[in-house]
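This report concerns only the one structure given below.
Residue numbers (the working numbering): 2 to 265.
Printed below as a string of structure tokens:
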């Protein structure tokens, strides 16, 4: 009887839909609801409760851990439990308010018809970076330039990049040719300036964060994701006064390397 009650909680479709609405994937939502009911469980127990394919359980658990929704025991067998719900959602509220405040100020400036000053926003969590990357890909009106040196990003945002390429002119510039197999659209390699400045620094210049992703939309807005000492952070700049110059420089220098391999 107890197991039946837990199963009823886990398949609450309306709850899954709400979690999808805050950015969780279908599998993430099912695992999170299951753990919220079970409180503590191993990957095997979660697999048995959710019926999610065994090969996707650990990937989903890792994603939820990175986003701050769950924690692991670190012991063998590893067991997982949800973070305290109130603290988790208070954090998400704060991040959402910060993002909405920035959007509010930008819209007020447009409404007033005045020249908007340049603003920069730090994206400290994977959840906020994920939302902002998808937003910038959706709202671009004419052109998107993506510089990427990370296969995980190409895989994660494959559908978003493909969708954007159907709406606007899109240049996908990769840091090394072997990434072309993971690219969802036609991609390019940068010339010497792009390679040495953004992707492959000289030994004496290997100081500071390394770039994993840079998105420039409509030659006016930019979003960068960088890593330093295993810490990943993101920055959104709007309007980016250097975006126009950088966009022209990139488009002049890049060379196509053929269309991406089709995924089966």
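From the three backbone atoms N, C-alpha and C, an ideal C-beta is built for every residue, glycine too. Since this is a predicted model, take the numbers as computed values, not measurements.
### Message
Using a Cβ distance threshold of 8 Å, determine whether the region 229–242 contacts the region 180–192, with at least three qualifying pairs required.
### Response
no
### Where residue 228 sits in the DSSP three-state scheme
Here residue 228 refers to the residue found at position 227 of the chain shown. In the structure shown, residue 228 sits in a strand (DSSP, three-state: E or B).
### Task
In angstroms with no decimal places, state the Cα-to-Cα distance between residue 254 and residue 157.
The residue given as residue 254 occupies position 253 in the chain shown. The residue given as residue 157 occupies position 156 in the chain shown. In a straight line, the C-alpha of residue 254 is about 27 Å away from that of residue 157.
### Message
Quick check on residue 192: does DSSP put it in helix, strand or coil?
### Response
Within the chain shown, the letter at position 191 stands for residue 192. Residue state, collapsed to three classes: coil.
### Task
Per DSSP, which residues does residue 19 bridge with? Please list them.
Counted from its first residue, the chain shown places residue 19 at position 18. BP columns for residue 19 are empty, so no partner.
#### Entry: Whole-angstrom C-beta distance between residue 80 and residue 41, which should lie under 8 Å
Residue numbering aside, residue 41 sits at position 40 when the chain shown is read from its first letter. Residue numbering aside, residue 80 sits at position 79 when the chain shown is read from its first letter. Between residue 80 and residue 41 the Cβ distance is about 5 Å, and since that is below 8 Å, they are a contact.
### Query
Okay, do the region 134–143 and the region 152–171 touch, 3+ Cβ pairs below 8 Å being the bar?
yes
### Task
Return the chain-ordered ranges of every alpha helix (DSSP H) run that is complete within the region 138–196 and spans a minimum of 4 residues.
152–157 and 159–168
### Query
Apart from the five residues just before and just after residue 127, which ones in its own chain have a Cβ nearer than 7 Å to its Cβ?
Residue numbering aside, residue 127 sits at position 126 when the chain shown is read from its first letter. Same-chain partners within the cutoff: 67 and 68.
#### Entry: Separation of residue 76 from residue 165, as counted between CA atoms
The residue given as residue 165 occupies position 164 in the chain shown. The residue given as residue 76 occupies position 75 in the chain shown. Distance between the alpha carbons of residue 165 and residue 76: 43 Å.
### Message
Classify residue 19: buried if its beta carbon has 16 or more other beta carbons within 10 angstroms, exposed otherwise.
### Response
Working through the chain shown from its first residue, we reach residue 19 at position 18. Result: exposed.
### Task
Using 10 angstroms around the beta-carbon of residue 179, count the other beta-carbons present and answer buried if the total reaches 16, otherwise exposed.
In the chain shown, the residue the question calls residue 179 occupies position 178. Exposed: under 16 other Cβ atoms inside 10 Å.
### Query
Does the beta-carbon distance from residue 150 to residue 192 come in below 9 Å?
Translated into positions along the chain shown, residue 150 becomes position 149. Translated into positions along the chain shown, residue 192 becomes position 191. No, these two residues do not count as a Cβ contact at 9 Å.
### Ranges of the beta strand (DSSP E) found wholly within the region 35–103, counting only runs of at least 3
71–73 and 80–83
### Query
Going by C-alpha distance, which of 50, 78, 28 and 97 is nearest residue 64?
Counting from 1 along the chain shown, the entry for residue 64 is found at position 63. Here the closest residue by C-alpha is 28.
### Message
Can you tell me whether residue 126 is helix, strand or coil according to DSSP?
### Response
Here the question's residue 126 lines up with position 125 in the chain shown. Here residue 126 sits in coil by DSSP.
### Query
Which residues in the same chain have their Cβ closer than 6 Å to the Cβ of residue 74, if we skip the five residues on either side of it in sequence?
Residue mapping note: residue 74 aligns to position 73 of the chain shown, counting from 1. Within the same chain, residue 74 has close Cβ partners 80.
### Task
Look up residue 25 in the DSSP assignment and say whether it is helix, strand or coil.
By one-based count along the chain shown, residue 25 stands at place 24. Residue state, collapsed to three classes: coil.
### Query
If we count Cβ pairs, one from each stretch, closer than 8 Å, do we get three or more for the region 138–153 versus the region 207–227?
yes
### Query
Where does residue 239 fall in DSSP's three states?
Taking the chain shown and counting its residues from 1, one reaches residue 239 at position 238. It is a strand residue.
### Query
With a Cβ-Cβ cutoff of 9 Å, do residue 248 and residue 98 count as a contact?
Residue numbering aside, residue 248 sits at position 247 when the chain shown is read from its first letter. Residue numbering aside, residue 98 sits at position 97 when the chain shown is read from its first letter. Not in contact: residue 248 and residue 98 (Cβ atoms no closer than 9 Å).
### Query
Rounded to a whole number of angstroms, what is the C-alpha to C-alpha distance between residue 95 and residue 220?
To locate residue 95, count along the chain shown from 1; it is residue 94. To locate residue 220, count along the chain shown from 1; it is residue 219. Spanning the two alpha carbons is a distance of roughly 30 Å.
### Message
Taking the straight line between their C-alpha atoms, what separation do you get for residue 56 and residue 49?
### Response
Working through the chain shown from its first residue, we reach residue 56 at position 55. Working through the chain shown from its first residue, we reach residue 49 at position 48. So the alpha carbons of these two residues sit roughly 13 Å apart.
### Message
Could you compute how far the alpha carbon of residue 251 sits from the alpha carbon of residue 82?
### Response
Locating residue 251 in the chain shown gives position 250, counting from the first residue. Locating residue 82 in the chain shown gives position 81, counting from the first residue. If you take the alpha carbons of residue 251 and residue 82, they lie about 46 Å apart.
### Query
By Cβ distance, which residues of its chain are closer than 8 Å to residue 140, with the 5 residues on each side in sequence left out?
On the chain shown, position 139 is the one that residue 140 refers to. Around residue 140: 218.
### Message
For residue 217, report the span of its beta strand (DSSP E) as first-last.
### Response
Mapped onto the chain shown, residue 217 falls at position 216. First-last of the beta strand (DSSP E) with residue 217: 211–218.
### Message
My assumption, with CB atoms under 8 Å, is that residue 44 sits in contact with residue 58. Please give the rounded CB distance.
### Response
In the chain shown, the residue the question calls residue 44 occupies position 43. In the chain shown, the residue the question calls residue 58 occupies position 57. Right, the Cβ-Cβ distance comes to about 5 Å (below 8 Å), so this counts as a contact.
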